[in-house]
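Structure first, then comments.
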Amino acid sequence: LKCAIQLGIPDILHKHGHPMTLSQLLQSIPINKAKSQCLHRLMRVLVNSNFFIEEKNSSNQEVHYWLTPASRLLLKGAPLTVAPLVQVILDPTFTNPWHHMSEWFTHEHHATQFEAANGCTFWEKLANEPSMGRFFDEAMSCDARLVAHVLTKDYKHVIGGIRTLVDVGGGDGTMAKAIVEAVPTIKCTVIDLPHVVAGLESTDSLSYIGGDMFRSIPSADAVLLKSIIHDWNDEEGLKILKRCKDAVGIGGKVIIIDVVVGVNQDVDEVLEDQLHFDMAMMCYFNAKERTEKEWAKLISDAGFTGYNLSPAFGV
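Residues 1 to 315 (full-length UniProt numbering) are what the sequence shown spells out, left to right.
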C-alpha cells in the first residue's frame, strides 16, 4: 500500500479518468524496465485487498484497473484524503517499535517500545526533528478533516448551542476551522504546544494559544478532546480531564472523540481496528484505548456527574 501511494498509482488512475491496463500504468510510472513484469503482482495483491478492482475488456479480455472507495481516500488532492496518515503509520519510525515488543515486555529500561526503537520518547522525536514533526502534523490534519466531516454532518447537535469552544491539542486548527464553518456562531480557540501554533494566524472566529493542557485550559462553553486521552495513562488522562472541568465550569461540557473498545463489537472489522489502536497506544506511549467501563471511571474520577455515548462507525 505504501508503495502504491509512493508510485502515485491512485492519482494516476484518477487523472486518467477511466480504467487503465497494465501497459498504460507502466507507461505512466517510472518503473525500472527490468522490474516491469512485477507490477501486475503488486496490483494483484491490492485488488485482493479491495484497494483496486479488475475489469476485463469484453473484446480482448485484457485486464483494466480502477479505483475503489478505499483507494479514493488515498488521492493526494482529495478533500478527505488519508494518504499522509497511511504514510506515517507505515514509516519506519513508527513500524520499527513493533519489533521491540518482546524486549519491552521483558526489560524495564524503556518506558515504551517507541523509546526502545528510537532512543527517545514519541514527543521528543517530533520536537527534535522538525521534518518528522511536520510529517506527523500533516497526518493528524488529514485525520482531523475526516473526523470533522463526520462530526459536522452527522453529529452537529453535539456542537449546537455552543458559543465558545476550546480544541485541546488541535494542531493547525483543521478541526476548529471545520466547526466554525459548520456553525459560524461558535468562536473557537486552539491550544497546543507553542512550537506547534507558532506563526498560525488568528481570525475573528478562531484563535491560537501556545500552552500546556496539563497546567491550564482556557475557559469556554465546551472543550474538545480529539484523540488526546488515549495518548496518556489514567493518571495523566485524569489530570487533563480535571483541567477540562475547570475550563467549562458548571453547565459546560467536554466533547471526547476517541475509541471506546467494545462499542460496535458486533462488526468484526470495528473491534479488530479498536484492538489494533489499543496495541498502537501501548507501543508508542504505554497508554491505551479504553472500554466504556474504563471511560466511565475516568470521567467520574475527574468530577463529572455523567456522560452520553454516541457511537460512530469508523471513528
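Backbone N, C-alpha and C fix where the C-beta goes; we use that ideal spot for every residue, glycine too. Computed from a predicted structure; not experimentally measured.
Does H111 come out as helix, strand or coil in the three-state DSSP assignment? Reading off the sequence, residue 111 comes out as Ala, not His. DSSP places A111 in coil when its eight states are reduced to three.
Mind listing, in chain order, the continuous beta strand (DSSP E) runs of no fewer than 3 residues lying wholly within the stretch 48-113? Those beta strand (DSSP E) runs which fall completely within the stretch 48-113 and span 3+ residues are 52-56 and 63-67.
A222 by DSSP, collapsed to three states: which one? Note: A222 maps to strand in three-state DSSP.
Could you tell me the alpha carbon to alpha carbon distance between M175 and P92, rounded to whole angstroms? Going by C-alpha positions, M175 is about 28 Å away from P92.
Going by DSSP in three states, I209 sits in which element: helix, strand or coil? Note: I209 maps to strand in three-state DSSP.
How far does the alpha helix (DSSP H) with I179 in it reach, from first residue to last? Where I179 is concerned, the enclosing alpha helix (DSSP H) stretches over T174 to A182.
Residues sharing a beta bridge with K187, DSSP: Beta-bridge pairing links K187 to T164.
Which value, in whole angstroms, describes the spacing of the CA atoms of I5 and A116? Within the model, the alpha-carbon separation for I5 versus A116 is close to 29 Å.
Counting beta carbon pairs with one atom in the stretch 214-232 and one in the stretch 240-253, are three or more of them shorter than 8 Å? Contact holds: three or more Cβ-Cβ distances are below 8 Å.
Can you give me the Cβ contacts of D143 inside the same chain, cut-off strictly under 8 Å, excluding the 5 residues immediately before and after it? Cβ neighbours of D143 beyond the five flanking positions: V82, L85 and S227.
Bounding residues of the beta strand (DSSP E) (the contiguous stretch that carries K242): If you look at K242, you'll find it isn't in any beta strand (DSSP E); it sits in the alpha helix (DSSP H) that goes D234 to V248.
Suppose you measure from the CA of H157 to the CA of K56; what does that come to, to the nearest Å? Their Cα atoms are separated by approximately 46 Å.
Tell me where the beta strand (DSSP E) around K253 begins and ends. Counting along the chain, the beta strand (DSSP E) containing K253 begins and ends at K253 to I257.
Taking C-beta to C-beta, are residue 317 and I229 nearer than 8 Å? Since the first and last residues shown for the chain are 1 and 315, residue 317 lies out of range.
May I have the straight-line CA-CA distance separating E54 from Y208, to the nearest angstrom? The straight-line gap from Cα to Cα measures roughly 47 Å.
Report the residue from V45, G211 and S23 whose alpha carbon sits nearest the alpha carbon of S36. When only C-alpha atoms are compared, the closest one is S23.
Exposure label - A34; buried when at least 16 CB within 10 Å: So A34 ends up on the exposed side.
Within 8 Å, strictly: CB atoms of V284 and T112: Rather than Val, the amino acid found at residue 284 in this sequence is Tyr. Contact: yes.
Helix, strand or coil for R134, going by three-state DSSP, please let me know. DSSP places R134 in helix when its eight states are reduced to three.
Can you tell me where the alpha helix (DSSP H) with C283 in it begins and where it stops? Per DSSP, C283 is one residue of the alpha helix (DSSP H) stretching across D268 to F285.
Through-space distance from W98 to V180, alpha-carbon basis: Approximately 39 Å, taken between the alpha carbons.
So, at 7 Å on beta carbons, what are the nonlocal neighbours of T68 in its own chain, with the 5 sequence-adjacent residues on each side left out? Leaving aside the five residues that flank T68 on each side, the residues in its chain whose CB is nearer than 7 Å to its CB run, in chain order, N50, F51, F52 and I53.
Measure the C-alpha to C-alpha separation of G251 and H64 and round it to an integer number of angstroms. Distance between the alpha carbons of G251 and H64 is about 58 Å.
May I ask which residues mark the beginning and end of the alpha helix (DSSP H) holding C3? Taken as a continuous stretch (DSSP letters only), the alpha helix (DSSP H) holding C3 covers K2 to L7.
Beta-carbon separation of G173 and V196 under 8 Å? Cβ distance not < 8 Å, so G173 and V196 don't count as in contact.
Beta-ladder partner(s) of M140, from DSSP: Beta-bridge pairing links M140 to no other residue.
Considering N128, what are the terminal residues of the alpha helix (DSSP H) in which it resides? N128 -> alpha helix (DSSP H) spans F122 to N128.
Give me, in chain order, the residues of the same chain whose beta-carbon lies closer than 7 Å to that of H40; leave out the 5 immediate sequence neighbours on both sides. So the qualifying residues of the chain are L22.
Leaving aside the five residues before and after D234 along the sequence, list all residues of the same chain whose C-beta is less than 7 Å from its C-beta, in chain order. The beta carbon of D234 sits closer than 7 Å to the beta carbons of L298 from its chain, once the five residues preceding and following it are set aside; these are given in chain order.
So, under 8 Å CB-CB, P10 and L80 are touching, yes? Tell me the CB distance rounded to an integer number of Å. Not really, about 13 Å apart at Cβ, beyond 8 Å.
Rounded to the nearest angstrom, what separates residue 341 and G262 at their Cα positions? Residue 341 lies beyond the stretch modelled for the chain, which goes from 1 to 315, so this question has no answer here.
For A148, three-class secondary structure by DSSP: A148: helix per DSSP, three-state reduction.
Considering S202, what are the terminal residues of the alpha helix (DSSP H) in which it resides? From DSSP, S202 is part of no alpha helix (DSSP H); its letter is neither H nor E.
Check whether the Cβ of N286 lies closer than 7 Å to any heavy atom of the ligand NAP, and answer yes or no. The ligand NAP is not among the ligands present in this structure, which contains no ligands whatsoever.
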